[in-house]
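The structure appears below as structure tokens.
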């Protein structure tokens, strides 16, 4: 697996080097590499072969593009503890570097079967619509849990679902089962991410803690918290939405999350989705894929 | 041709309606439609048939995406006299709407032969690199004419070249000849656009006049002007670069352009490229394609 993941890195590097633009190349080289979750999924599902490595490089390229635009949207100063491209080069260059990576990914995707290419590119459409929804929803406190789930499905889970399902197509496995596995994994992943924003320190996160709510994002723990509060406390919570939080406000929110078990409830929901995904993979004798879910659920709390 | 262009519009509309997102749909409906130059080229080259109309819808979708990101890059308040999406909805939504249109275009492109899909998607990579180059070059006065040509080839001509060449592939015509035609047309088109920014009024342009130089863009007439000036006047020109221009500064630049015939020289260069393109098409008995170049060169001065 390790050498095959290295193969994926080499392919990504080459895809960009071929463009022969030193500036683009330099920016790409400095992007933090991340966990390469999507590449690992593809190699596990479709096997450690050249086509799987190529698809993995493409999906990671597309994912990297989406993160560049995501950081522009969020005005994020950091990505994995490293200064973001929008912060160092300006948001214009970050938008365009994202476009370069997207187009490069799509270009390489044309060498795949139509149904695989279509699945992946459709997920990028959903991802972008999900990001737009995220921006719109940030303008006011959102207590609508269905709306939150629809948004995170599109923003995060759709590409992971498509990744797993495209890899299954490549390996002539059941795309529906693997797609559902990816969907559950993706939604659980986003919920855990939203929880970590509340429970971890800025140092652990590599970005400011409790930034989501300051940015206007009413993530699942906040929705559960809202549901458990009385009118007065609800009002207080809503009044803090979308603003810079003072330390005592952060403490109040964390305390209330503790009392109402809102974080715990969100965690249990993610865990349930994860267990469904694990059961699906156990049915397919996919121990490695089941373990990926377990490791994700057990991330630092 | 008119009914077939209407067919292209209907396809574009449907591509977005299928996403079933009222907000995205509303924004898309309000985008100014433009000249649909790329669609016209495809229908002329590949004939008025369903596959050509589909390819035309895809390329126009991709072009619309690039304009959304271009307006973000330029902080443009208007596009064709209409308030731009970045101005009305914020640059975040404009970036993401662009991503939706790109992904939708790429998704539909997967139904085409690999070489056609590859050609178009590679052009998008070049286009984005060209935009990055444009942003970087705007930071200082650029007197390097080769660098300017390289940038406008990537930013503007590469997609028109790919459009013409992909349409030729679809019609089993000579992709090299049609590609060269598209490249010349694209470069000439950008030069004329750069000239109009200087010679037309804000009302005619539907956006502020002489905005390019204020934005830091040293377009071809400015490069020719610089080449013709003495040291003192050069210094004066360079000192105005990238700043808001007072009316008397605009008058001085326009006067100097007149005296040195810098605009005229840029126009002749574009005309020469256009004439090469016309000759290529006359050799292929493509009267309609030759006329497209003529009409473009004769745009309002």
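Chains as they are written, first to last, in this note's numbering: chain A, 4 to 304; chain B, 4 to 304.
Backbone N, C-alpha and C fix where the C-beta goes; we use that ideal spot for every residue, glycine too.
Check: In this structure, what does DSSP give as the bridge partners for residue 82(B)?; Outcome: 85(B)
Check: Compare the C-alpha of residue 128(B) against each of 148(B), 149(B), 145(B), 154(B) and name the closest.; Outcome: 154(B)
Check: Output yes if chain B places a C-beta closer than 7 Å to the C-beta of residue 96(A); else output no.; Outcome: yes
Check: Taking 7 Å as the CB-CB cut-off, is residue 214(A) touching chain B?; Outcome: no
Check: Under 8 Å by Cβ, that's how I've got residue 30(B) and residue 92(B) pegged, so tell me the actual separation to the nearest angstrom.; Outcome: 7 Å
Check: Tell me whether the segment 114-128 of chain A and the segment 83-98 of chain B touch, counting them as touching only if at least three CB pairs, one residue from each stretch, are closer than 8 Å.; Outcome: no
Check: Using only the alpha-carbon positions, how far apart do residue 291(A) and residue 47(A) sit?; Outcome: 7 Å
Check: Between residue 304(A) and the rest of its own chain, which residues show a CB-CB distance below 7 Å, the 5 nearest in sequence each way excluded?; Outcome: Below a pLDDT of 50, predicted positions are generally treated as unreliable, and residue 304(A), at 47, falls in that range; the measurement from the model is reported next regardless. Only 202 meet the Cβ criterion.
Check: Output the boundary residues of the alpha helix (DSSP H) element that contains residue 249(B).; Outcome: Careful: residue 249(B) lies outside any alpha helix (DSSP H) and carries neither H nor E.
Check: Closer than 9 Å by beta-carbon distance: list the chain B residues that pair up with residue 163(A), in chain order.; Outcome: None at all; the shortest Cβ gap to chain B is about 16 Å.
Check: Out of 44(A), 40(A), 50(A), 64(A), which has the shortest C-alpha to C-alpha gap to residue 341(A)?; Outcome: The question about residue 341(A) has no answer, for chain A in this structure spans 4 to 304.
Check: Would a check of beta-carbon distances place residue 259(A) closer than 7 Å to chain B?; Outcome: no
Check: What are the residues of the segment 15-26 of chain B that lie near chain A, defined by any Cβ-Cβ distance shorter than 8 Å?; Outcome: 22, 24, 26
Check: Give a yes or no on whether the C-beta atoms belonging to residue 164(A) and residue 133(A) are separated by under 7 Å.; Outcome: no
Check: Let's see if you can read the secondary structure: which residues bound the alpha helix (DSSP H) around residue 28(A)?; Outcome: 25-32
Check: With a CB to CB cut of under 6 Å and the five nearest residues on each side skipped, what residues in its chain are close to residue 83(A)?; Outcome: 35, 209
Check: In chain order, what residues of the same chain lie with their CB nearer than 6 Å to the CB of residue 17(A), ignoring the 5 residues before and after it?; Outcome: none
Check: Within 8 Å, do at least three Cβ pairs link the segment 264-283 of chain A to the segment 183-197 of chain A?; Outcome: yes
Check: Quick test of the definition: if touching needs 3 or more C-beta pairs under 8 Å, does the segment 69-85 of chain A touch the segment 44-61 of chain A?; Outcome: no
Check: Would you tell me roughly how many angstroms separate the C-alpha atoms of residue 225(A) and residue 24(B), rounded to the nearest one?; Outcome: 26 Å
Check: Under 7 Å, do residue 11(A) and residue 41(A) count as touching if we go by C-beta distance?; Outcome: no
Check: Could you name each continuous beta strand (DSSP E) segment of 3 residues or more that falls completely within the segment 212-252 of chain B, going from the start of the chain to the end?; Outcome: none
Check: Rounded C-beta distance between residue 101(B) and residue 126(B)? I'm assuming under 8 Å.; Outcome: Actually they do not touch by this definition, with Cβ atoms about 16 Å apart.
Check: Determine the chain A residues that contact residue 72(B) at a beta-carbon separation under 8 Å, and present them in chain order.; Outcome: 98, 99, 102
Check: Is the separation between the beta-carbon of residue 227(B) and that of residue 265(B) shorter than 7 Å?; Outcome: yes
Check: So what's residue 22(A) in DSSP terms, helix, strand or just coil?; Outcome: coil
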